[in-house]
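Number of protein chains: 2
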Amino acid sequence: METKPGPNAVLLDEPESRHRLATPALIVDLDTLEENIARMAGFCEAQNISLRPHAKSHKCIEICRRQIAAGAVGICCATLGEAEVMAAGGIANILITSPVAGSTKIGRLAAVNASIPDLIAVSDHVDNVEALNAAAAAVDETLKLLVDLDIGQNRTGVTSVEAAVEIALQIDTAPFLEFAGVQAYGGHLQHIPDYAARAAAAEEASTRLYDVIEALAAAGLEPVTVTGAGTGTFEIDTKRGLYNELQAGSYVFMDVEYADDALWPDGGPLFDAALFVQTTVISANRPGQATTDAGLKAFATDGPLPTIAQGAPAGAGYKFTGDEFGCVILSPGEDLALGSVIECVAPHCDPTVNLYDNYHCVRGDTLAEIWCVDARGKY
Amino acid sequence: METKPGPNAVLLDEPESRHRLATPALIVDLDTLEENIARMAGFCEAQNISLRPHAKSHKCIEICRRQIAAGAVGICCATLGEAEVMAAGGIANILITSPVAGSTKIGRLAAVNASIPDLIAVSDHVDNVEALNAAAAAVDETLKLLVDLDIGQNRTGVTSVEAAVEIALQIDTAPFLEFAGVQAYGGHLQHIPDYAARAAAAEEASTRLYDVIEALAAAGLEPVTVTGAGTGTFEIDTKRGLYNELQAGSYVFMDVEYADDALWPDGGPLFDAALFVQTTVISANRPGQATTDAGLKAFATDGPLPTIAQGAPAGAGYKFTGDEFGCVILSPGEDLALGSVIECVAPHCDPTVNLYDNYHCVRGDTLAEIWCVDARGKY
Chain P
1 METKPGPNAV LLDEPESRHR LATPALIVDL DTLEENIARM AGFCEAQNIS LRPHAKSHKC
61 IEICRRQIAA GAVGICCATL GEAEVMAAGG IANILITSPV AGSTKIGRLA AVNASIPDLI
121 AVSDHVDNVE ALNAAAAAVD ETLKLLVDLD IGQNRTGVTS VEAAVEIALQ IDTAPFLEFA
181 GVQAYGGHLQ HIPDYAARAA AAEEASTRLY DVIEALAAAG LEPVTVTGAG TGTFEIDTKR
241 GLYNELQAGS YVFMDVEYAD DALWPDGGPL FDAALFVQTT VISANRPGQA TTDAGLKAFA
301 TDGPLPTIAQ GAPAGAGYKF TGDEFGCVIL SPGEDLALGS VIECVAPHCD PTVNLYDNYH
361 CVRGDTLAEI WCVDARGKY
Chain L
1001 METKPGPNAV LLDEPESRHR LATPALIVDL DTLEENIARM AGFCEAQNIS LRPHAKSHKC
1061 IEICRRQIAA GAVGICCATL GEAEVMAAGG IANILITSPV AGSTKIGRLA AVNASIPDLI
1121 AVSDHVDNVE ALNAAAAAVD ETLKLLVDLD IGQNRTGVTS VEAAVEIALQ IDTAPFLEFA
1181 GVQAYGGHLQ HIPDYAARAA AAEEASTRLY DVIEALAAAG LEPVTVTGAG TGTFEIDTKR
1241 GLYNELQAGS YVFMDVEYAD DALWPDGGPL FDAALFVQTT VISANRPGQA TTDAGLKAFA
1301 TDGPLPTIAQ GAPAGAGYKF TGDEFGCVIL SPGEDLALGS VIECVAPHCD PTVNLYDNYH
1361 CVRGDTLAEI WCVDARGKY
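Residue numbers (our numbering), protein chains in the order written: chain P, 1 to 379; chain L, 1001 to 1379.
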């Protein structure tokens, strides 16, 4: 997973180097990243709730280290491949938030569990629990397991209180499994733009979680960990008092999607954009537009379009004009010279990061560090 | 650019291994790939036209080698980073189809030009031509250059006959540049689904190219190479007699986008789908649907949705339910067991390939080879 730092390494520590990168290049503003990490850590400490940031957003060992140094109990990974990379990078406490299925992957899960002090997996099916126990037995290492609960997204997770209790009991009695609690992530809630509407939807979703916690306690299986929430609901979910661990990930970077959501009751921006894509004008032959080198292989295309943070006149827009081409849309009479450098806010941070080998970490206008996107494409 | 073959290497040559991969996994059907490569090579040979397949579709040295072995004159790359990888991999004849701008990248372009026998770049601006000449002079190696011509896409390229002639003359008289001809790619034409409508639009676009060729000839600058066309227009552009080199790329794999287009006058499929994404059912708790491990980080999201090629009941659909989650939509009463393996046709091949480290090359049901996506994310 060690990757070369790429063609921009020659610019490290050079004055004004931020604006001279070979593009498209992924940029992290270190001051803002540090501020975002500190703010979330401070919030969780003040609320006396554990923070386990989701590494699927950044896939970067160095950012995991910084989050843990700031107080996080560990990290989340979305995939087994991410967890393998992070474990090999020295991260000792990892929750894999997706069910792991298929004999090849279940074997690998047991192996990575045996390699670090604390790995936690999730399951939502009795057949899967059985296979996980068998794989843990094969390497003689107990696996901690959460029951994955559906609270309304209709994706993974058990769909009834009865199924949750059944699986928890199965885990509790399996010789090589340890019942660790419940995961309840409401992905469908994260991007409801209005705070009050999001809070109301989260309240409704939480009734499922409440019922499961009650039923588990009645069965003598009080969940040690109740984990969930994202950047859109962490503050709301904390208030409800059901969770003791938050999984938010996008807060480290923010993006165009989250910038549109009111994360806080007063709507104020709690975190600032720390992730940008830098691109260069490679063709400028038409009035009112300029063609750049960052197209749909340089940005996530599942969400909103990129917005322009700097380098173009106010009001300029961005659109994709091909796999490797973007277009800055200017007002009539405006133009951008060939070679002009533009920085865009990433449209959806997680899949944007997954398109790059490296982060170019800037301090002001200077390229200060280059970090690897270590778990890029690791499934 | 040498990448580890990944966790599925243990399955090489095992019977039925195609259906036991750790997923999501990119699959290439070797029989179909070879047939597609041979068909396009045969077509170009019969038409006495050069083929220079676009490597942006596959980013794979091994596939370049096979295309050249089948008769291609060389390859196209969309980015300088791709060209660097391919040159280091032994590919000697490379056309970079996008203008290269910015001093860092222009210096790298001159360096890679000095490292292989035949590199060709494109330009559409006098300032860029001047910078390219200076960079070529600095390494004392002449650079071949095409004038990039806009034939209606409004992206890169010169927009007038006069500008084309001006730049061609500038190249011709620059001491370290060689005028190599014209590039005219009509990206806006490739996905007009109806053959006759696409042919009519291509005919209209070609008048711009015709006028430029005439004007260049009148100025004593007959273009040696006239290059362009894609999988959607190669047959039409060949008939028009203006091009002597085709740049089609997607034909090696095909995808959901091109499967909807009538590539041939009789509408028949000239090439077959060779590229698939394999995914596994990781949650099956709801009637009429199953959750898989291939979401919007496993497929291009700019085009149509993936279609299911095998592993699910006829009529099943696919949708994204998150970065790492997909959903197979089944008819009422149907279900798919946990661990079921599904293969989807890639929705848009180029940006789908860019999400993976490796190709899993299958011969029938056996994993026969693993190739690297060598130029993945190389900008």
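Even glycine gets a Cβ: it sits at the ideal position worked out from N, Cα and C.
Values in this document were obtained by computation on a predicted structure and should not be read as measured data.
Cβ shell of residue i (< 7 Å), same chain only, five flanking positions each side left out
{"i": "histidine 191(P)", "result": "Gly232, Glu257, Asp261"}
{"i": "leucine 1047(L)", "result": "One detail in the question is off: residue 1047(L) reads as glutamine in this sequence, not leucine. These residues qualify, in order along the chain: Thr1238."}
{"i": "proline 5(P)", "result": "Asn358, Ile370"}
{"i": "leucine 1011(L)", "result": "Ser1017, Arg1020, Leu1021, Leu1367"}
Under 8 Å from the C-beta of residue i: neighbouring residues of chain L
{"i": "valine 281(P)", "result": "Ala1101"}
{"i": "serine 98(P)", "result": "Ile1282, Asp1293, Glu1324, Phe1325"}
{"i": "arginine 108(P)", "result": "Pro1007, Ala1022"}
Residue i versus the options, residue with shortest Cα-Cα distance
{"i": "alanine 1009(L)", "options": "Lys1378(L), Leu1367(L), Ala1375(L)", "result": "Leu1367(L)"}
{"i": "threonine 1173(L)", "options": "Ala1314(L), Tyr1210(L), Glu1130(L)", "result": "Glu1130(L)"}
{"i": "cysteine 1076(L)", "options": "Arg1052(L), Lys1059(L), Ala1070(L), Tyr1359(L)", "result": "Arg1052(L)"}
{"i": "asparagine 1093(L)", "options": "Val1100(L), Leu1189(L), Ala1101(L), Glu1084(L)", "result": "Glu1084(L)"}
{"i": "alanine 38(P)", "options": "Ile49(P), Asn48(P), His19(P), Gly71(P)", "result": "Gly71(P)"}
{"i": "proline 1193(L)", "options": "Pro1265(L), Leu1080(L), Leu1011(L)", "result": "Pro1265(L)"}
{"i": "glycine 1181(L)", "options": "Ile1120(L), Arg1240(L), Asp1302(L)", "result": "Ile1120(L)"}
{"i": "threonine 1097(L)", "options": "Val100(P), Leu242(P), Ser283(P)", "result": "Ser283(P)"}
{"i": "valine 1100(L)", "options": "Thr1292(L), Met1086(L), His1125(L)", "result": "His1125(L)"}
{"i": "alanine 1273(L)", "options": "Asn1036(L), Ser1160(L), His1019(L), Arg1018(L)", "result": "Asn1036(L)"}
{"i": "lysine 1319(L)", "options": "Gln1310(L), Ala1337(L), Ala1294(L)", "result": "Ala1294(L)"}
{"i": "glutamine 278(P)", "options": "Gly186(P), Ala219(P), Pro332(P), Ala312(P)", "result": "Ala312(P)"}
Separation of residue j from residue i, as counted between CA atoms
{"i": "aspartate 1029(L)", "j": "cysteine 1044(L)", "result": "23 Å"}
{"i": "valine 1139(L)", "j": "aspartate 13(P)", "result": "26 Å"}
{"i": "proline 1007(L)", "j": "isoleucine 1308(L)", "result": "24 Å"}
{"i": "alanine 1316(L)", "j": "alanine 163(P)", "result": "27 Å"}
{"i": "glycine 1042(L)", "j": "serine 250(P)", "result": "50 Å"}
{"i": "aspartate 118(P)", "j": "threonine 227(P)", "result": "15 Å"}
{"i": "glycine 1288(L)", "j": "isoleucine 1342(L)", "result": "16 Å"}
{"i": "arginine 996(L)", "j": "leucine 1149(L)", "result": "The first residue shown for chain L is 1001 and the last is 1379, placing residue 996(L) beyond what the model contains."}
{"i": "proline 15(P)", "j": "aspartate 365(P)", "result": "7 Å"}
{"i": "alanine 1078(L)", "j": "histidine 1054(L)", "result": "8 Å"}
{"i": "aspartate 1211(L)", "j": "isoleucine 1151(L)", "result": "11 Å"}
{"i": "valine 1165(L)", "j": "phenylalanine 1325(L)", "result": "52 Å"}
{"i": "arginine 363(P)", "j": "alanine 25(P)", "result": "15 Å"}
{"i": "threonine 1159(L)", "j": "leucine 1145(L)", "result": "18 Å"}
Within chain P, the residues that residue i reaches when beta carbons sit closer than 8 Å
{"i": "histidine 1125(L)", "result": "Ser283, Ala284, Asn285, Leu338"}
{"i": "lysine 1380(L)", "result": "For chain L, the structure presents residues 1001 to 1379; residue 1380(L) sits outside this window and is missing."}
{"i": "threonine 1307(L)", "result": "Simply none; closest approach about 18 Å."}
{"i": "lysine 1056(L)", "result": "Asp323, Glu324"}
CB contact check: residue i to chain P, cutoff 8 Å
{"i": "glutamate 1324(L)", "result": "yes"}
{"i": "aspartate 1013(L)", "result": "no"}
{"i": "tyrosine 1379(L)", "result": "yes"}
{"i": "valine 1147(L)", "result": "no"}
{"i": "leucine 1296(L)", "result": "yes"}
{"i": "alanine 1078(L)", "result": "yes"}
{"i": "valine 1224(L)", "result": "no"}
{"i": "valine 1158(L)", "result": "yes"}
{"i": "threonine 1104(L)", "result": "yes"}
Beta-carbon contacts of residue i that lie in its chain and below 8 Å, excluding the five residues immediately before and after
{"i": "glutamate 1141(L)", "result": "Ala1110, Asn1113, Ala1114, Phe1176"}
Cutoff 8 Å: residue i Cβ touching any chain L Cβ
{"i": "leucine 355(P)", "result": "yes"}
{"i": "arginine 155(P)", "result": "yes"}
{"i": "aspartate 302(P)", "result": "yes"}
{"i": "glycine 230(P)", "result": "no"}
{"i": "arginine 20(P)", "result": "yes"}
{"i": "glycine 152(P)", "result": "no"}
{"i": "glycine 187(P)", "result": "yes"}
Within chain P, partners of residue i - CB distance below 9 Å
{"i": "asparagine 1128(L)", "result": "Ile282, Ser283, Leu338, Gly339"}
6 Å CB neighbourhood of residue i in its chain, flanking five on each side removed
{"i": "glutamate 1002(L)", "result": "The predicted model places glutamate 1002(L) with a pLDDT of 46, which falls under 50 and marks its position as unreliable; any figure quoted below should be read in that light. Correct list: empty, nothing qualifies."}
Interface partners of residue i on chain L, CB under 7 Å
{"i": "proline 24(P)", "result": "Tyr1379"}
{"i": "threonine 352(P)", "result": "Per Cβ cutoff of 7 Å: no residues; threonine 352(P) is ~10 Å from chain L at best."}
Neighbour list for residue i in chain L, Cβ cutoff strictly below 9 Å
{"i": "alanine 144(P)", "result": "As written in the sequence, residue 144(P) is lysine, which differs from the alanine given in the question. What lysine 144(P) touches in chain L: nothing, since even the nearest Cβ is about 19 Å away."}
Listed by chain order, chain P residues near residue i by CB distance under 7 Å
{"i": "valine 1256(L)", "result": "In chain order: nothing, as chain P lies at least about 15 Å away."}
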